[in-house]
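Residue numbers (numbering that gives the first Met the number 0), protein chains in the order written: chain R, 0 to 396; chain P, 0 to 158; chain C, 0 to 390; chain G, 0 to 248.
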Amino acid sequence: MMADDNSEQTKTAGQMPAMKPVVDVAAETAKMETDKMWVIMGPQHPFSHGLWTLKIKVDGEIVTDAEPIVGYLHRGWEKEAENRPYPKIIPMADRLCYAASMTYTHLYCMTVEKALGIDPPDKAKYIMIIADEINRLQSHLMWLAAVGTDLGNFTVFLWAMREREYWMDMNVRLCGARMTTNYPRIGGVRNDTPELFDRDIIRCTEHFEKAVWDIIGLIDDSSIYVSRMKNTGILTPEQCANLGITGPALRGTGVDFDLRRDDPYSNYDQIDFDVPVLKQGDSYARYMVRVEEMLQSCKIIKQAMAKVRALGKNAPYRLKVPSNVPAGRHFAKLEDPRGESMMYLISDGTDKPYRLKVRSPIFVNVSASRELCMGCRIADVPAIMAMIDMCLGETDR
Amino acid sequence: MSPIREYDSSWEGDIENKLTEKFGDKIKFTGQEIRRVYAHVERDAIFDVCKFLNDELSFEHCANVIGVDMKDYMQVVYHIDSYTTYKGECVELTVDVPNDDPHVKSVSSIWGGANWNERETWELFGIVFDGHPRLERLLTPETYEFFPFRKSYKLRGWE
Amino acid sequence: MPMVYSSILDWVNFPDIMANPYYPFETYNLPYDISQKLWEIIGGTIAWLINLLFPGNPVSEWLVCDMTVNFFALIIFMIVVFLVVFIGILISLWEERKVLGRTMDRRGTMVGMKGFLQCVADGFKTFMKEDTQPRKVDRMTYMWTVSLVIGTSMLIACMIPLSDRWYVVNYNTGLLLIMGLFALAPFFILVSGWSQNNKYSLIGGMRAAEMMISYEIPMLILIATACLMAGTFNIGGIVQAQYDTMPYFIPQCIGFVTFFVCANAEAERTPFDLAEAESELVEGWQTEYAGMKWGLIMLADYMRGYVSCAMITILYLGGWNLPFIGDLNNYVPELVFLLKTWLVFFAMIIVRAALPRVRTDQILNLGWKVFMPLSIINLVIVLLLKMGGVF
Amino acid sequence: MTMDYLEKYRDGRVNTAKTLWVMKPIYLILRLFNKTVVHRPVTILYPYEKLWMPDNYRGRPALAFNACIGCGMCARMCPTTAIVLVECPDDEGKPVKRPQVNMGRCSFCGYCAEYCPTDAMTMSPIVELAEYTRADLIYGPRRLAYDHTTDGMKIDIEETLLSDYQAGNGERRINPAKTDRPVLDNAKCISCKKCFKSCPVQAITMEEHGKNAKGRPILWPSVDDQKCVSCYTCVDVCPKSALHMNEVL
Chain R
0 MMADDNSEQT
10 KTAGQMPAMK
20 PVVDVAAETA
30 KMETDKMWVI
40 MGPQHPFSHG
50 LWTLKIKVDG
60 EIVTDAEPIV
70 GYLHRGWEKE
80 AENRPYPKII
90 PMADRLCYAA
100 SMTYTHLYCM
110 TVEKALGIDP
120 PDKAKYIMII
130 ADEINRLQSH
140 LMWLAAVGTD
150 LGNFTVFLWA
160 MREREYWMDM
170 NVRLCGARMT
180 TNYPRIGGVR
190 NDTPELFDRD
200 IIRCTEHFEK
210 AVWDIIGLID
220 DSSIYVSRMK
230 NTGILTPEQC
240 ANLGITGPAL
250 RGTGVDFDLR
260 RDDPYSNYDQ
270 IDFDVPVLKQ
280 GDSYARYMVR
290 VEEMLQSCKI
300 IKQAMAKVRA
310 LGKNAPYRLK
320 VPSNVPAGRH
330 FAKLEDPRGE
340 SMMYLISDGT
350 DKPYRLKVRS
360 PIFVNVSASR
370 ELCMGCRIAD
380 VPAIMAMIDM
390 CLGETDR
Chain P
0 MSPIREYDSS
10 WEGDIENKLT
20 EKFGDKIKFT
30 GQEIRRVYAH
40 VERDAIFDVC
50 KFLNDELSFE
60 HCANVIGVDM
70 KDYMQVVYHI
80 DSYTTYKGEC
90 VELTVDVPND
100 DPHVKSVSSI
110 WGGANWNERE
120 TWELFGIVFD
130 GHPRLERLLT
140 PETYEFFPFR
150 KSYKLRGWE
Chain C
0 MPMVYSSILD
10 WVNFPDIMAN
20 PYYPFETYNL
30 PYDISQKLWE
40 IIGGTIAWLI
50 NLLFPGNPVS
60 EWLVCDMTVN
70 FFALIIFMIV
80 VFLVVFIGIL
90 ISLWEERKVL
100 GRTMDRRGTM
110 VGMKGFLQCV
120 ADGFKTFMKE
130 DTQPRKVDRM
140 TYMWTVSLVI
150 GTSMLIACMI
160 PLSDRWYVVN
170 YNTGLLLIMG
180 LFALAPFFIL
190 VSGWSQNNKY
200 SLIGGMRAAE
210 MMISYEIPML
220 ILIATACLMA
230 GTFNIGGIVQ
240 AQYDTMPYFI
250 PQCIGFVTFF
260 VCANAEAERT
270 PFDLAEAESE
280 LVEGWQTEYA
290 GMKWGLIMLA
300 DYMRGYVSCA
310 MITILYLGGW
320 NLPFIGDLNN
330 YVPELVFLLK
340 TWLVFFAMII
350 VRAALPRVRT
360 DQILNLGWKV
370 FMPLSIINLV
380 IVLLLKMGGV
390 F
Chain G
0 MTMDYLEKYR
10 DGRVNTAKTL
20 WVMKPIYLIL
30 RLFNKTVVHR
40 PVTILYPYEK
50 LWMPDNYRGR
60 PALAFNACIG
70 CGMCARMCPT
80 TAIVLVECPD
90 DEGKPVKRPQ
100 VNMGRCSFCG
110 YCAEYCPTDA
120 MTMSPIVELA
130 EYTRADLIYG
140 PRRLAYDHTT
150 DGMKIDIEET
160 LLSDYQAGNG
170 ERRINPAKTD
180 RPVLDNAKCI
190 SCKKCFKSCP
200 VQAITMEEHG
210 KNAKGRPILW
220 PSVDDQKCVS
230 CYTCVDVCPK
240 SALHMNEVL
């Protein structure tokens, strides 16, 4: 409905199944008198990747209500940030999301740069695009691994983890750490790209573009996988936008919106890439959007690497910034692997923020789990919630 | 949903005009950037402004509801996005809430996505959202009787 | 007439087992032969020692008489049959771990003997664990059902004949007996799931029952088809019929594939492990079983996997005979049988590595809308072949 | 730009005729099985084999004891307060201040190595830090030593000044330790010499600027530009906040 109509999607949209729940819950329950029971999945449950609970009310195998419970990991991140100088928040921002730590660090640095009124050098921006996309790939591969285990296949888990390891190595090459990278700085990045990094990352990209087809063959060419994901957790685009769902889940319903293209930050407007959009609005569409995003990330990395190379070895990559930030209110948005993340900073002229608020995409996405899970079967619950790609570090903050 | 339009620099002025026309001096514009509109709204008008934004201007995504403790008063900040008519546009609405009467009308009936954000703001700042379907503790334990993100709540620790 | 015993060799003699009047089988039985010879050695030595102390006592005589030899030989027979099956199952467990590891680009278990000793270590670990039991379970059903699941699995695993000389029973309806015991477990699982007072277990038990009605009927039709083709319910007869004509997976290729999938479901292996669906129902019907009980359940799972593979070997792959080698088949048919079983198990492992778990409604659809027609088609083909006089 | 994957799979591979189509995954699995049986899997046998790590890998912090000047920049920048300065004897037995790192708190962010003005603190590639008690995790200055420090492990801040960048002279990179210098607010100074005593590089000398009403000399610190490493020690110890760091932008 929202994507441009000249694309092929319109042609195929007619063949898609009508958007209705798998089972008509109201009719089913009217027919027979059965007892419903609450099944509490979590906080220690194989399907909850992290510490959270999903209470589902089941009628036999059919879910009639769902209620997520979060907060087991609440650390008071925002309050703690109010008591530290600006540079010391960067390692903390790494800990917001373990799968794609650099996106949050980048977001934090962008917010403070905005408050300082400076624009980081081009080289830093392109390096951060590379780093962001590496992290997007890592996060998506971790999600792919989780999809494998959630649907009961361990092979996909390990194959995806194997590919993720190469991107982890790229992280190590770039900044010396695998997960909590502490790489972006206010006004640039920590260090220049190391020697031979461009060669390594192009190799890694080319390897991945080939290797991902194996995993795709394992999932998309397997009728069991596809039938497990198709027609489950269907949302309409109106519902999706209203519930605040962002990211691949939103694009899977047909809303053509990507912050990288529609609200460009950090030189993303200089880079040519496609935003995958599908109209089905089911778990399989969300899956396909994410896989295509991984392939697009590879293209972005190649282009950004070419731009970094063109800028030369001596181009500046880190600006010196004052330690005190002038008073004001600023926010920045960024397309996280999981959706739209946002930081809102109120500075009061000292070297510590007055208030720093993080908008986490998962926090809002997971609040829609009732609408996602209604009418599906228990076996579908992991398949549907896997497409949300839970990450508790940012949810509970 | 409405049709998609590509970005045009006249959008911000457009939004300002439409909002001013409808709400007059209840809404005060404090700034403007590319794809950003900043406004300050009176407390009693916030629900109507949000409804107008959603229904008429097709701002269908409420990104964020933020509570801020300004010591003398409190603030609620809304970030509202559009996916279609004003694609990529973000409106920031700020509402002042007095300390002794921290009530503001809930917008979770307009945007389902505001539901948890408002719950979080209530539990951390004590700002009550009238008409919220379920104003309960979400992140902190239910036994908490204080609002930990207020400035009056001091951190204890090494730093 | 009292014999004169002078040396140990007089006590330990290996008579023809068939000559024993109490010999419990009709044909030659290798494990019984081994057991009897073992008892001849053990019992003969004991008898000789006692006779040294008390010459001419009746106990020594009793220890080597026909009836006693038969009795103790049967006890040893049980142990021998069980041990061979047990080691076979441990090898299939090891095979699964290694093959699954290699398909996932990792190494599998690495503890001793190319990882085989990991089975021993795991067994040790589960036996050492504290045997916890939730307070509110229905104690009797909780213990009994799991014992029955383990017990029946072990029983059928031992009852599978490894060759025409390595068997426990040789009924004419031996196949039906095995299938009857094989299909019992889902009932126990259902009751066990209820008895644990746990929602996951309850749903898991329900799923086991739900699943059984979907795969059991096509499976029984397929078995009946194979028996029809061979003209007998006797396992030896089926194998011999295949040796005389051809392995049945050639004429019954549809049935072979269908039976393979059904056997996967019967053994509750990964595409069909709904009853213990790990991602949604923590450990399914096994959730509340801890320590040794859980270890035995795991072992029972592999026993059922072994039985499934053995059934496929018997019904479709020609059992313990290899074609074209004639009399060479008489040397180690048991090993041939086990190797074929492990080969089928390898295929099961590959399927496990490649496919995710199906949903409950999907397996019902699959059972009734795909396997049922396929098995009927298979039956029709066999009937046509029979009527055409090919078999 | 094209979307290869979506073009291929948009409609979904599965239709009713192919409901049982599972052969491609099985083929892929067998292919990998074949490969890993002939060659070896990608996993490594960890305690016996280890991955190659690049020079800039961030394991535990390592300290070159004699290169350290005890300025405390690492302790100041540590986001988890894992580092404290302790007194310990140097090679000649004189008590000096050196950092001590609590590995139980360390978050391996690398700030200590980055901000160290003399590159005495580096990040070593050691990651195996398990100990039996928490007290064992506290690494004293001597225990922090690491013998195989290479140039690749040293990380320096190479910042471009904002003024340079805006003037188009963006290629000049500079370490803030070379530009930022403490500046004295003369009115606040009480001539207590605390900055002079605490300066780790003896960059501060007390210069006399007349006498006060009581006849005592008025001593104001003056900073030697060459020696100063801009470590904030004097700023921190100043009891009247008379010194502040002048950030050159």
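Ideal Cβ positions, reconstructed from N, Cα and C, are used throughout, including at glycine.
Nothing here was measured: the structure is a model prediction, and the numbers come from that model.
Please report the distance separating the alpha-carbon of residue i from that of residue j.
i: Q99 (chain G); j: G130 (chain P); result: 55 angstroms
i: P30 (chain C); j: C118 (chain C); result: 25 angstroms
i: C105 (chain G); j: E113 (chain G); result: 15 angstroms
i: M245 (chain C); j: L321 (chain C); result: 10 angstroms
i: Y110 (chain G); j: H243 (chain G); result: 22 angstroms
i: K104 (chain P); j: V127 (chain P); result: 8 angstroms
i: R105 (chain C); j: P147 (chain P); result: 48 angstroms
i: P53 (chain G); j: F196 (chain R); result: 11 angstroms
i: R97 (chain G); j: G69 (chain G); result: 5 angstroms
i: G230 (chain C); j: T151 (chain C); result: 28 angstroms
i: Q8 (chain R); j: A289 (chain C); result: Note on Q8 (chain R): pLDDT 44, under 50, position unreliable in the model; no value is reported.
i: Q14 (chain R); j: I348 (chain C); result: Residue placement at Q14 (chain R) is flagged as unreliable, the pLDDT there being 46, under the threshold of 50; a coordinate-derived value is accordingly withheld.
i: I33 (chain C); j: V63 (chain C); result: 16 angstroms
i: S81 (chain P); j: F46 (chain P); result: 17 angstroms
i: P116 (chain G); j: R83 (chain R); result: 22 angstroms
i: I387 (chain R); j: K56 (chain R); result: 20 angstroms
Starting from the Cα of residue i, find the closest Cα among the options and give me that residue.
i: V247 (chain G); options: G:A166, G:P238, G:Y56 and G:I173; result: G:I173
i: A119 (chain G); options: G:V126, G:A81 and G:K153; result: G:K153
i: G41 (chain R); options: R:W212, R:T231 and R:T52; result: R:T52
i: A98 (chain R); options: R:N82, R:A144 and R:Y85; result: R:A144
i: P250 (chain C); options: C:A46, C:Y315 and C:R358; result: C:Y315
i: V320 (chain R); options: G:T178, G:L5 and G:N185; result: G:T178
Under the assumption that residue i contacts residue j (Cβ atoms under 8 angstroms), give the Cβ distance between them as a whole number of angstroms.
i: T235 (chain R); j: P183 (chain R); result: Not confirmed; about 37 angstroms, so no contact.
i: S190 (chain G); j: V236 (chain G); result: No, S190 (chain G) and V236 (chain G) are not in contact; Cβ-Cβ is about 14 angstroms, not under 8 angstroms.
i: R59 (chain G); j: M102 (chain G); result: 6 angstroms
i: T359 (chain C); j: R227 (chain R); result: Between R227 (chain R) and T359 (chain C) the Cβ distance is about 11 angstroms, and since that is not below 8 angstroms, they are no contact.
Chain G partners of residue i, CB-CB under 9 angstroms?
i: D273 (chain R); result: M0, T1, M2 and L5
Kindly list, in the order they appear in chain C, the residues whose Cβ is closer than 9 angstroms to that of residue i.
i: L50 (chain G); result: Simply none; closest approach about 15 angstroms.
Would you kindly check if the distance between the Cβ of residue j and the Cβ of residue i is under 8 angstroms?
i: I133 (chain R); j: N170 (chain R); result: yes
i: L273 (chain C); j: M210 (chain C); result: yes
i: P336 (chain R); j: I345 (chain R); result: no
i: E91 (chain P); j: R35 (chain P); result: yes
i: S191 (chain C); j: G204 (chain C); result: yes
i: G147 (chain R); j: A130 (chain R); result: no
i: G246 (chain R); j: E393 (chain R); result: no
i: V225 (chain R); j: R250 (chain R); result: no
Using a C-beta to C-beta distance shorter than 8 angstroms, which residues of chain C count as neighbours of residue i?
i: S398 (chain R); result: As displayed, chain R neither begins before 0 nor continues past 396, which places residue 398 (chain R) out of reach and without an answer.
Can you pull the chain G residues whose beta carbon is under 8 angstroms from the beta carbon of residue i, in chain order?
i: T179 (chain R); result: S106, F107 and C108
i: N313 (chain R); result: E170
Could you name the residues of chain R that residue i contacts, counting a contact when the two beta carbons are closer than 7 angstroms?
i: L176 (chain C); result: Going along chain R, no residue has its Cβ under 7 angstroms from L176 (chain C), so there is no contact; the nearest lies around 33 angstroms.
Could you tell me which chain R residues have their CB closer than 8 angstroms to the CB of residue i, listed as they occur along the chain?
i: E96 (chain P); result: A small correction: the amino acid at residue 96 (chain P) is Val; Glu does not occupy that position in the sequence shown. Per Cβ cutoff of 8 angstroms: no residues; V96 (chain P) is ~15 angstroms from chain R at best.
At a Cβ threshold of 8 angstroms, is residue i touching chain D?
i: I154 (chain G); result: Absence of chain D from the displayed structure is noted, the protein chains being R, P, C and G.
Just to make sure I have the definition right: I need the residues of chain G whose C-beta is within less than 7 angstroms of the C-beta of residue i. Which are they?
i: D272 (chain C); result: Going along chain G, no residue has its Cβ under 7 angstroms from D272 (chain C), so there is no contact; the nearest lies around 16 angstroms.
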